Amino acid sequence: MTTVGVPAGWPATEEEARAVQDELRGRVVLDEPGPPPGSGHVTGVDVAYDDALDLVAAAAVVLDAATLDVVAEATAVGRVSFPYVPGLLAFREIPTVVAALERLPCPPGLVVCDGYGLAHPRRFGLAGHLGVLTGLPVIGVAKNPFTFTYDEPGPARGASAPLLAGTEEVGRALRTRDGVKPVFVSVGHRVSLDNALAHTLALTPRYRLPETTRRADALCRRALRQAAQRTAPGGAQEATTRQAPTS
DNA sequence: GCGACAG
DNA sequence: ATCTTGTCGC
0 MTTVGVPAGW PATEEEARAV QDELRGRVVL DEPGPPPGSG HVTGVDVAYD
50 DALDLVAAAA VVLDAATLDV VAEATAVGRV SFPYVPGLLA FREIPTVVAA
100 LERLPCPPGL VVCDGYGLAH PRRFGLAGHL GVLTGLPVIG VAKNPFTFTY
150 DEPGPARGAS APLLAGTEEV GRALRTRDGV KPVFVSVGHR VSLDNALAHT
200 LALTPRYRLP ETTRRADALC RRALRQAAQR TAPGGAQEAT TRQAPTS
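Position one of the first sequence corresponds to residue 0 (the numbering used here), numbered consecutively onward.
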């Protein structure tokens with residue numbers, strides 16, 4: 000299997016990365032509604048890491064938006080391209096995620112990623128960055144509110160409350176399951192906030208997190224295990240070798 | 001200056 | 001993100 004390298008010119012310092020964000024943030028498109036929920040394709044992307052082995056595994060899983068059945072999936076394995084720095088997550092995830100998306104046999108439709116879009120210190124999180132680089136409609140669904148504030152939404156699935164940076168609404172806290180902690184939805188690229196919420200609800204008939212991220216999460220972990228196995232001393236032998244009984 | 005901080 | 005067993009509940 001091939002390994003995705005760090006792209007030429009990829010920022011090496013936090014200062015360079017912030018400069019890239021400041022340059023690209025203007026290319027985010029916010030005035031399109033995006034595809035209607037329940038039709039076409041919806042694709043989840045996620046990434047898993049093994050920092051000790053310097054490995055990143057990304058997965059892209061395409062679902063039929065109406066049935067939530069898996070239509071296609073792809074993975075890519077690469078080297079870690081950036082350390083984790085709050086606000087600079089995109090530089091850690093994007094090269095391998097883009098490689099996985101490129102390996103899909105069909106158009107991804109709407110992309111759903113872990114993390115934020117507009118809900119970001121410079122209003123340019125992973126979802127916006129991925130959208131600008133691919134041109135695809137992208138939304139972000141995060142598990143945590145980061146540094147933002149929100150009032151607790153009502154207890155029923157579907158209830159939501161603004162996610163606030165001061166007084167600016169950068170996304171929404173959305174209850175996807177009765178009585179369960181909300182998820183945090185923000186716009187990435189070419190999708191309205193209301194439509195992003197509708198998509199998120201359509202993707203959560205049973206669990207708190209969207210089916211897209213659940214499927215992508217499971218797949219990228221699988222891909223990482225296999226890659227780590229091939230990388231580790233002893234390689235595939237290690238996994239299939241049984242220790243002889245002692246004494 | 002110190003602490004907090006998507007994944 | 002990742003380290004990690006059992007356990008409470010539908």
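Where a beta carbon is used, it is the ideal one built from N, C-alpha and C, also for glycine. No experiment lies behind these values; they were computed from the predicted model shown.
Identify, in the order they occur along the chain, each residue of the same chain with its Cβ nearer than 7 Å to the Cβ of residue i, setting aside the five sequence neighbours on each side.
i, result
"T2", "V76, G77, R78"
"L103", "A59, V61, A71, A73"
"G114", "L88, G124, L125, A126, G139, A141"
"D68", "L62"
"E210", "L62, L67, L202"
Compute the beta-carbon to beta-carbon distance between residue i and residue j, rounded to the nearest angstrom, for a pair I have assumed lies under 8 Å.
i, j, result
"L52", "A201", "Their Cβ separation, rounded to whole angstroms, is 37 Å, which puts L52 and A201 out of contact at 8 Å."
"A64", "V41", "5 Å"
"R24", "R122", "6 Å"
"F147", "A164", "6 Å"
"L208", "V190", "The pair is not a contact, with the Cβ atoms about 18 Å apart (cut-off 8 Å)."
For residue i, write down the residues that DSSP places opposite it in a beta bridge.
i, result
"S80", "Answer is none; S80 lacks a bridge partner."
"P161", "R171"
"T2", "V76"
"H40", "D63"
"G139", "C112, S185"
Please work out which residues of its chain come closer than 8 Å, Cβ to Cβ, to residue i, disregarding the five sequence neighbours upstream and downstream, and give them in chain order.
i, result
"Y83", "R91"
"R26", "V131"
"L129", "V44, A89, I93, V96, V97, V110, C112, L135, V137, G187, H188"
"T230", "L52, L54"
Quick one: is residue i buried, meaning 16 or more other Cβ sit within 10 Å of its Cβ, or exposed?
i, result
"V140", "buried"
"G4", "exposed"
"Y206", "exposed"
"T239", "For T239, the predicted model reports a pLDDT of 45, less than 50, meaning its position is unreliable; a value from the coordinates is still stated below. Its Cβ having fewer than 16 others within 10 Å, T239 is exposed."
"C219", "buried"
"A18", "exposed"
"A99", "buried"
"T212", "buried"
"P107", "buried"
Leaving out five residues on either side along the sequence, give the residues of the same chain with a beta carbon under 6 Å from the beta carbon of residue i.
i, result
"Y149", "A160, L162, A172"
"D216", "D45"
"L117", "V169, S185, V186"
Quiz prompt | Stretch-stretch touch, CB-based, cutoff 8 Å, three pairs: the stretch 126-143 with the stretch 151-159 | solution = no
Quiz item: If you pair each beta-carbon of the stretch 10-20 with each one of the stretch 33-49, do three or more pairs fall below 8 Å?
Solution: no
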